[in-house]
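Residue numbers (the working numbering), protein chains in the order written: chain A, 1 to 481; chain B, 482 to 962. Note that beta-carbon positions come from the ideal geometry of N, C-alpha and C, so glycine has one too.
2 protein chains.
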Amino acid sequence: MEDQISYHMTPDEFRRQGKAVIDWIADYYETVEQYSVLSTVKPGEIRAALPPHPPAQGEPFEEILADFQKIIIPGITHWQSPNFYAFFPANTSGPSILGDLLSSGLGVQGMIWLTSPACTELETHVLDWLAEMLELPEKFHSHSSGGGVIQDTASTAALTAVLAARERITDYSSNETGLQHRLTAYASTQAHSSIEKAVKMAGLGSQNLRLIPVDERFAMRADLLARQIDKDRQAGLIPCFVCATVGTTSSNALDPLEQIGRVCQQEGLWFHVDAAMAGTAALCPEFRYIQSGLDYADSYAFNPHKWMFTNFDCDCFYVADRAGLIRTFSILPEYLRNQATEAGTVIDYRDWHVQLGRRFRSLKLWFVIRHYGIEGLRHHIRSHVDLAQEFAGWVDQSPDFELAAPAPLNLVCFRHLAGDDLNQQLLDRLNQSGQLYLTHTRLNDRMTLRMCIAQSQTIKRHVEEAWNLIQKTACDLAETI
Amino acid sequence: MEDQISYHMTPDEFRRQGKAVIDWIADYYETVEQYSVLSTVKPGEIRAALPPHPPAQGEPFEEILADFQKIIIPGITHWQSPNFYAFFPANTSGPSILGDLLSSGLGVQGMIWLTSPACTELETHVLDWLAEMLELPEKFHSHSSGGGVIQDTASTAALTAVLAARERITDYSSNETGLQHRLTAYASTQAHSSIEKAVKMAGLGSQNLRLIPVDERFAMRADLLARQIDKDRQAGLIPCFVCATVGTTSSNALDPLEQIGRVCQQEGLWFHVDAAMAGTAALCPEFRYIQSGLDYADSYAFNPHKWMFTNFDCDCFYVADRAGLIRTFSILPEYLRNQATEAGTVIDYRDWHVQLGRRFRSLKLWFVIRHYGIEGLRHHIRSHVDLAQEFAGWVDQSPDFELAAPAPLNLVCFRHLAGDDLNQQLLDRLNQSGQLYLTHTRLNDRMTLRMCIAQSQTIKRHVEEAWNLIQKTACDLAETI
Chain A
1 MEDQISYHMT PDEFRRQGKA VIDWIADYYE TVEQYSVLST VKPGEIRAAL
51 PPHPPAQGEP FEEILADFQK IIIPGITHWQ SPNFYAFFPA NTSGPSILGD
101 LLSSGLGVQG MIWLTSPACT ELETHVLDWL AEMLELPEKF HSHSSGGGVI
151 QDTASTAALT AVLAARERIT DYSSNETGLQ HRLTAYASTQ AHSSIEKAVK
201 MAGLGSQNLR LIPVDERFAM RADLLARQID KDRQAGLIPC FVCATVGTTS
251 SNALDPLEQI GRVCQQEGLW FHVDAAMAGT AALCPEFRYI QSGLDYADSY
301 AFNPHKWMFT NFDCDCFYVA DRAGLIRTFS ILPEYLRNQA TEAGTVIDYR
351 DWHVQLGRRF RSLKLWFVIR HYGIEGLRHH IRSHVDLAQE FAGWVDQSPD
401 FELAAPAPLN LVCFRHLAGD DLNQQLLDRL NQSGQLYLTH TRLNDRMTLR
451 MCIAQSQTIK RHVEEAWNLI QKTACDLAET I
Chain B
482 MEDQISYHMT PDEFRRQGKA VIDWIADYYE TVEQYSVLST VKPGEIRAAL
532 PPHPPAQGEP FEEILADFQK IIIPGITHWQ SPNFYAFFPA NTSGPSILGD
582 LLSSGLGVQG MIWLTSPACT ELETHVLDWL AEMLELPEKF HSHSSGGGVI
632 QDTASTAALT AVLAARERIT DYSSNETGLQ HRLTAYASTQ AHSSIEKAVK
682 MAGLGSQNLR LIPVDERFAM RADLLARQID KDRQAGLIPC FVCATVGTTS
732 SNALDPLEQI GRVCQQEGLW FHVDAAMAGT AALCPEFRYI QSGLDYADSY
782 AFNPHKWMFT NFDCDCFYVA DRAGLIRTFS ILPEYLRNQA TEAGTVIDYR
832 DWHVQLGRRF RSLKLWFVIR HYGIEGLRHH IRSHVDLAQE FAGWVDQSPD
882 FELAAPAPLN LVCFRHLAGD DLNQQLLDRL NQSGQLYLTH TRLNDRMTLR
932 MCIAQSQTIK RHVEEAWNLI QKTACDLAET I
């Protein structure tokens, strides 16, 4: 009789509430420009609005949704606003949201092939499609020696690469004996913080990460990399891993992959290329130069969840030698043994990364590629780059502002000529206005504003309004000084 | 003018297609029992049905959805079928799917407080709610010295714990200098494979992971743990980390936390408790004994995405000392600096785990807790345990089968008396029938079937049918031998 009682949502209620949620999201995208881009709540304000104790009895879904609107939305910074220019974007799109919704509905685990063959095979297939769309080196295709896998983030991809590098250089012994050598890793001073984090987690130690100086374009100096490797060898250390960046977080700088790759090849180092943001640009043949030299790479990562209209999380990670990767991560407990795995005829992605469990993430990627087609994706990428180039032109021609770095793609680094204080005040006032959201960095030790134009819905009108507001706000500030 | 062209799905089309997807999911849950639980496709079959090249032009959403049904669904192993008894479950529920859908729609990043304050504060709040609901030790609450954070999986939580342990024992020097000591870690022979994986990734080496023997209930022998630690100290090694399991993957064995905890306290070792599956049972006061001794723990993990009707991924990870955790993972690049962070008045969760980017995962957890209420969650947990106990009783009374291990909660390990071959054939034939999906393990070096009763929709009728099928199939097999 107990069986008759159920607290689960019935399919009928799911239909009703699900459609209400779909409408909420559609309304949200239609009105997102009306919100302050940056949330204006104070620390603790959201928590204070929530009941201190969990409910003993279930509550109607309408009430939950009403509280979501009333309590949660004021605490949201609107990453899907077309006026969001901060950090790098985290784009969504209709087909991606719906692909992800189906993944939630199916609720399958893709840890091994057997636990949902389609989850593994669609992932391999779509990552091969992407390798073709980006014209990645042949070795990254699954029909060659390597292949692709979806990771959650470029941070985890970097950790995965460092671990595979650590094992390869120590002949796969560190996994067994523990790390017994002093290994060194290399990235530019502009590399993402996740590289240092990965080097720490893998046990190499941040002191053994060499941050190689950059040139005037903030790109790694390959000659200084080679010199540092020599120096480390002479000191009895074991150089192991190099990360080059295609589109650094601070300024979208492009490391010279070809030169760095040759050094790595000569020295026998693992060469990882992090193109988290900029990699998507290679969908367009005219931007494909950014990955010239990728032939040398052992691993490559880029994030469709940044600039390819695919919901977080979706980092595409490719390796040239899948056998080495699998050897690094493979564990086979009894309860996962099965004929397909033992026969070696299938991919078991749990051996390609940190986690065991995995969501059906290729669905959203498949939906995005099919909905837009290559042509549609290229159109929006080109539109973003055009807008950024136009914005860079305005900055360049302005008597009050200057470009702080080259802007090869969709990120413009700029500053007001009046110095750090004014730029800081300008940033704060712009963000407090709620009309846009920008973030900053430091380049050549000077406060620099970053304008990243890559949000799905951003069109020319938004960028023009942003530039007008930036000029006007700077003007007001300059007067008060 | 280029701006006028858009390949994005319009809000109106999103409404239409979104509602079609909602209906698809509702239909799916209404008909999921009709599918073969385990997919019957052969390796390569799904890929062969997909076009070899990506589409140049976008395609109508109806076609994408039709292909999803035609090509993908045959390759699905139905984790949401009430006849899914394999591994541990990966439960979903209506409120969870819809909470996750809103998270996709908002598309915010919660890497730091500022990038969406509600994403951080709701997470802290709901994890405090859960600590109260489970009656976890005070120190795991955010108002105390510790706090909770959502990780993707128990594997990553284990890695996080090992890294925090590694840093604490080496006075936070390994992150800087690299690992320079031989550290040892401890878990039972029955611990999850993710512990070995974590120990490898963190650079400790699998040879330095001691697998402590278990008693007749497959629970760790705390006396042998203490002895091994002594031995390792005498050999000049540095004991560092112990993982105890509440509900092992093979047999749901419960390690004696109290005894293990006392050893860890005396020896100054980091004590991690992995309750990935069974932890949810502590929602019910009568099962709370499983976590007796948790007061000694430094970290604790359990997965609402297994048994608490919350979509993957959602692992709740608690630490007693958040300062140590943050010190292990903290990195602060210039582009993430902001006033709220510098003032120290907020939590920035990116310092609590491996990744930088993070999804708004607490929404689905909040929706689940509010929809079911504590009472509703308890009802379904109790119902699963009751069904498992009933099933265990049937096995126990059967002349042909035996229980292979105690069944304290919702996992029943059993075997036919006719030996490994028959049990393997029985498993294969049952799974090939499509009517249910079971997996196996080895206990005392004998083939053992695992029946985990924890799928959201499983009720008595399903378990009865499963037992009938198991008996009948075994009978048929025994006759043919």
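C-beta contact flag for residue i and residue j at 8 angstroms
i	j	result
M928 of chain B	Q905 of chain B	yes
F140 of chain A	Y437 of chain A	no
N91 of chain A	K231 of chain A	no
S330 of chain A	D351 of chain A	yes
S562 of chain B	L101 of chain A	no
I326 of chain A	W129 of chain A	no
R217 of chain A	A253 of chain A	yes
F312 of chain A	G728 of chain B	no
W366 of chain A	V126 of chain A	yes
H865 of chain B	I5 of chain A	no
I951 of chain B	V944 of chain B	no
V199 of chain A	S206 of chain A	yes
P95 of chain A	F549 of chain B	no
A281 of chain A	I290 of chain A	yes
I693 of chain B	T670 of chain B	yes
L898 of chain B	S732 of chain B	no
S773 of chain B	E815 of chain B	no
K941 of chain B	I22 of chain A	no
According to DSSP, residues forming a beta bridge with residue i
i	result
A66 of chain A	Looking at the DSSP assignment, A66 of chain A forms no beta bridge with any residue, so it has no partner.
Q151 of chain A	A:D315
L930 of chain B	B:F895 and B:H921
E13 of chain A	Looking at the DSSP assignment, E13 of chain A forms no beta bridge with any residue, so it has no partner.
D274 of chain A	A:T245 and A:A301
V214 of chain A	A:M220
F84 of chain A	A:Y437
L735 of chain B	B:V727
Enclosing alpha helix (DSSP H) for residue i [first to last residue]
i	result
R923 of chain B	Taken as a continuous stretch (DSSP letters only), R923 of chain B belongs to no alpha helix (DSSP H), being part of the beta strand (DSSP E) at T920 to L924.
V522 of chain B	Note, V522 of chain B: premise wrong, no alpha helix (DSSP H); not H, not E.
L950 of chain B	K941 to T961
V482 of chain A	Residue 482 of chain A is absent from the structure shown; chain A starts at 1 and stops at 481.
L750 of chain B	Where L750 of chain B is concerned, there is no enclosing alpha helix (DSSP H), given that its DSSP letter is neither H nor E.
E613 of chain B	P598 to L615
R47 of chain A	E45 to A49
L422 of chain A	D420 to Q432
L775 of chain B	Neither: L775 of chain B is in no alpha helix (DSSP H) and is coded neither H nor E.
I97 of chain A	G94 to L106
N-terminal and C-terminal residue of the beta strand (DSSP E) that residue i is part of
i	result
S780 of chain B	S780 to F783
T967 of chain B	With chain B covering 482 to 962 only, the question about residue 967 of chain B has no answer from this structure.
E767 of chain B	Run containing E767 of chain B: none; DSSP gives neither H nor E here.
L884 of chain B	F882 to L884
Alpha helix (DSSP H) segments (min. 4 residues) lying fully within the region 161-212 of chain A: Counting only runs of 4 or more, we get 174-177 and 193-201.
Taking only beta carbons into account, state which residues of the region 109-138 of chain A come closer than 9 angstroms to chain B, listed in chain order. Listed by position along the chain: Q109, M111, W113, L114, T115, S116, P117, A118, C119, T120, E121, L122, T124, H125, V126, D128, W129, L130, E132 and M133.
Hey, which unbroken runs of the beta strand (DSSP E) at 3 residues or more fall wholly within the region 794-830 of chain B? Runs of the beta strand (DSSP E) lying entirely within the region 794-830 of chain B and spanning at least 3 residues, in chain order: 796-800.
Along the region 151-171 of chain A, where does the CB come closer than 7 angstroms to a CB of chain B? Name the residues. The residues in question are D152, T153, S155, T156, L159 and L163.
If the cut-off is 7 angstroms on Cβ atoms, which residues from the region 334-363 of chain A count as contacting chain B, listed in chain order? Going along the region 334-363 of chain A in chain order, one finds E334, Y335, A340, T345, V346, V354, Q355, L356, G357 and R359 with a Cβ nearer than 7 angstroms to chain B.
At a CB distance below 7 angstroms, what residues from the region 669-696 of chain B approach chain A? Give them in sequence order. Of all residues in the region 669-696 of chain B, only S674, S675, E677, K678, K681, M682, A683, G684, L685, G686, S687, Q688 and N689 come within less than 7 angstroms of chain A when Cβ atoms are compared, listed by chain position.
Give me the subset of the region 571-587 of chain B whose CB atoms are less than 7 angstroms from a CB atom of chain A, sorted by chain position. Per Cβ criterion, the list reads A571, T573, S574, G575, P576, I578, L579, D581, L582, L583, S585, G586 and L587.
Taking any Cβ of chain A, which residues in the region 509-522 of chain B have a Cβ under 7 angstroms from it, in chain order? Listed in chain order, the positions of the region 509-522 of chain B with a beta carbon within less than 7 angstroms of a beta carbon of chain A are Y509, Y510, E511, S520 and V522.
The region 284-303 of chain A: positions lying closer than 8 angstroms to chain B by Cβ: Within the region 284-303 of chain A, no residue qualifies.
Short-range partners of chain A found in the region 709-727 of chain B, where Cβ spacing is below 9 angstroms: Only those residues of the region 709-727 of chain B whose C-beta falls short of 9 angstroms from the nearest C-beta of chain A would be listed, and there are none.
Using a beta-carbon distance cut-off of less than 9 angstroms, what residues from the region 371-396 of chain A approach chain B? Listed by position, the residues of the region 371-396 of chain A near chain B (Cβ gap below 9 angstroms) are H371, Y372, G373, I374, E375, G376, L377, H379, H380, R382, S383, D386 and L387.
What residues in the region 50-72 of chain A have a beta carbon less than 7 angstroms from any beta carbon of chain B? Residues passing the 7 angstroms Cβ filter: L50, H53, P54, P55, A56, Q57, G58, E59, F61, I64, F68 and I72.
If you measure beta-carbon to beta-carbon, which residues of the region 913-925 of chain B are closer than 9 angstroms to chain A? The residues in question are T920, H921, T922 and R923.
Which residues, in order along the region 723-756 of chain B, keep a beta-carbon less than 7 angstroms from a beta-carbon of chain A? Residues passing the 7 angstroms Cβ filter: T730 and S731.
Anything in the region 171-183 of chain A with a Cβ closer than 7 angstroms to a Cβ of chain B? List those residues in chain order, please. Residues are counted here when their Cβ sits less than 7 angstroms from a Cβ of chain B; for the region 171-183 of chain A these are S174, N175, E176, T177, G178, L179 and R182, given in chain order.
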